[in-house]
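Structure, as structure tokens:
Numbering (our numbering), first residue to last: -7 to 436.
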């Protein structure tokens, strides 16, 4: 037998033995490049598993594509799902394979106790067992223009710590000639969801939906109403500039038009590269007259989920890749390259020991907010239709900014409309529970 023919047979056998893992994600730009590098390194480090990563668009499109593929029996093994889609994936469609189950079968140690306290509850069951691997995680912080602070004769080392300290800083920035003192990205996430969690206030009944049952929204508390009313008064006075529902405020801040911005901590890396001024980062302001505040802030981002209905060998191969991503050195590299928060204590300690936070002090702010979490204070939103609820909250907030509604009227309406969505979600769940599964067998 000729040598090249023997080699061909060997390579063919090796290829047949290798298990392919299809991984659909929503990472583009620099994070997408960092993810591709991790996948390539994993594939090169061993021969048994080959991960084929594919960008499928934003989170909503990625989840929709995965659920459609599952109905056709062509589902990926792994899918990146954001915090808005987690409850829908597990409760709404029963499509997720709990990570703790698959990890136990594979003999891999991927434990929620390894994660930062404020991160684990978002992707764990009531017993603390992981549903999925948190991957790209962030939390809101206060960015500020240190150069503008100096021009306004404000101390750049003392940004506002509380919401009550904001007006003096905003007035000084406007008096110094800045057209916009303060703006925000993601208003519903920052000023309703995070405000509630940051101050230990309920967002929904039954531990914010984690205990199941007939969950109802209750975020129209005195604190949230007072806060939105305060923002409304600032808007009328020209202190607060509403820029839009997503990243519009971040763009105004990056151009130097606004002196302060509340936005996701993941924006630190891009802002540090883009802005032409001295960038400052501080904790999200809080109300110091609320007992126990601040608690811990709410996370945003996404996790990597295993999808059900795949042969055991393929599921175990996917778990091997997740175990690789969970390694502290991999987590630390991902955190340092992308600006996302390290999700494990070990990764955080590794970055700290390397001196990363000494060189990038702004990156430590978000972690400090999450490390405030402890014991019974741990909070996580686990609600079906959370994406739709956030949208209608934005709609009601915009009516406040336009002067069409008071804060009380808008938040009461948001709760009423959101509860109607939850009731419809629960009804769909009951109907689905009495219907046979419409899932084709997975391909071998």
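Where a beta carbon is used, it is the ideal one built from N, C-alpha and C, also for glycine.
Using only alpha-carbon positions, find the residue among the options that is nearest to residue i.
i           : options            : result
residue 299 : 309, 290, 293      : 309
residue 276 : 189, 35, 114       : 189
residue 191 : 207, 211, 197, 172 : 211
residue 293 : 126, 65, 48        : 126
residue 209 : 241, 411, 336, 28  : 411
residue 48  : 64, 36, 24         : 24
residue 377 : 418, 250, 119      : 418
residue 113 : 69, 129, 213, 248  : 129
residue 271 : 168, 133, 404      : 133
residue 96  : 258, 122, 356      : 122
residue 280 : 215, 258, 342, 415 : 215
residue 291 : 364, 35, 206       : 364
residue 357 : 340, 345, 346      : 340
residue 441 : 172, 278, 248, 360 : This structure cannot settle anything about residue 441, because the visible part of the chain is limited to -7 through 436.
residue 395 : 273, 220, 249      : 220
residue 137 : 354, 184, 278      : 354
residue 187 : 69, 120, 289       : 289
residue 70  : 334, 193, 297      : 297
residue 131 : 183, 422, 403, 21  : 183
residue 67  : 38, 98, 76, 17     : 17
Would DSSP call residue i helix, strand or coil?
i           : result
residue 20  : coil
residue 313 : helix
residue 269 : coil
residue 344 : helix
residue 261 : helix
residue 97  : helix
residue 367 : Unreliable positioning characterises residue 367 in this predicted model, as indicated by a pLDDT of 48, which lies under 50. The coordinate reading is nonetheless provided below. Of the three classes helix, strand and coil, the one that applies to residue 367 here is helix, per DSSP.
residue 361 : helix
residue 179 : helix
residue 245 : helix
residue 288 : coil
residue 293 : strand
residue 378 : helix
residue 356 : helix
residue 384 : helix
residue 73  : strand
residue 282 : coil
residue 330 : helix
residue 251 : strand
residue 108 : coil
residue 276 : coil
residue 395 : coil
residue 88  : strand
What is the C-beta distance between residue i and residue j, in whole angstroms, given that I count them as a contact (C-beta under 8 Å)?
i           : j           : result
residue 42  : residue 10  : 5 Å
residue 405 : residue 224 : Not quite, the Cβ-Cβ distance comes to about 15 Å (not below 8 Å), so this is no contact.
residue 15  : residue 64  : Between residue 64 and residue 15 the Cβ distance is about 18 Å, and since that is not below 8 Å, they are no contact.
residue 88  : residue 32  : With a Cβ gap of about 26 Å, residue 88 and residue 32 do not count as contacting.
residue 393 : residue 227 : 6 Å
residue 439 : residue 155 : The structure shown does not extend to residue 439, since the chain is modelled only from -7 through 436, so no value can be given for it.
residue 248 : residue 268 : 7 Å
residue 207 : residue 375 : 6 Å
So with Cβ pairs under 8 Å, would you call residue i a contact of chain E?
i          : result
residue 45 : Included in the structure is just one protein chain, with no chain E present.
Under the criterion of a Cβ to heavy atom distance below 7 Å, does residue i qualify as lining the ligand ZN?
i           : result
residue 356 : For the ligand ZN, the structure offers nothing, since it holds no ligand at all.
If contact is defined by three or more beta carbon pairs under 8 Å, each pair taking one atom from either stretch, is the segment 47 to 57 in contact with the segment 102 to 110? The segment 102 to 110, when compared against the segment 47 to 57, does not touch it at the 8 Å Cβ threshold.
Three-pair Cβ contact test at 8 Å for the segment 155 to 173 versus the segment 347 to 359: Short answer: they don't touch.
Any contact of the segment 175 to 185 with the segment 240 to 256, i.e. 3+ C-beta pairs under 8 Å? Flag = yes, the segment 175 to 185 and the segment 240 to 256 touch.
For the segment 323 to 331 against the segment 53 to 72, do three or more pairs of beta-carbon atoms, one drawn from each stretch, fall closer than 8 Å, so that the two count as touching? A contact between stretches requires three or more CB pairs, one per stretch, nearer than 8 Å, and the segment 323 to 331 fails this requirement with the segment 53 to 72.
Using 8 Å as the threshold, is the segment 141 to 158 in touch with the segment 305 to 322, meaning 3 or more CB pairs across them? Judged by pairs of C-beta atoms under 8 Å, the segment 141 to 158 does not touch the segment 305 to 322, as fewer than three such pairs exist.
Segment contact, 8 Å Cβ cut-off, at least three pairs: the segment 385 to 400 with the segment 287 to 307: Touching, no, given that fewer than three Cβ pairs across the two stretches are closer than 8 Å.
Unbroken beta strand (DSSP E) runs of length 3 or more, entirely within the segment 118 to 177: which are they? Correct list: 125 to 130, 132 to 137, 172 to 176.
Count the CB pairs spanning the segment 257 to 274 and the segment 84 to 95 that are closer than 8 Å, and state whether there are at least three. Verdict: no, contact absent.
Which complete beta strand (DSSP E) runs does the segment 5 to 70 hold, if anything under 3 residues is left out? Within the segment 5 to 70, the complete beta strand (DSSP E) runs of at least 3 residues are 11 to 17, 41 to 47.
Does the count of Cβ pairs from the segment 231 to 244 and the segment 405 to 424 closer than 8 Å reach three? Flag = no, the segment 231 to 244 and the segment 405 to 424 do not touch.
What are the uninterrupted segments assigned as alpha helix (DSSP H) that are 4 or more residues long and contained completely in the segment 190 to 238, given in chain order? Those alpha helix (DSSP H) runs which fall completely within the segment 190 to 238 and span 4+ residues are 197 to 200, 214 to 229.
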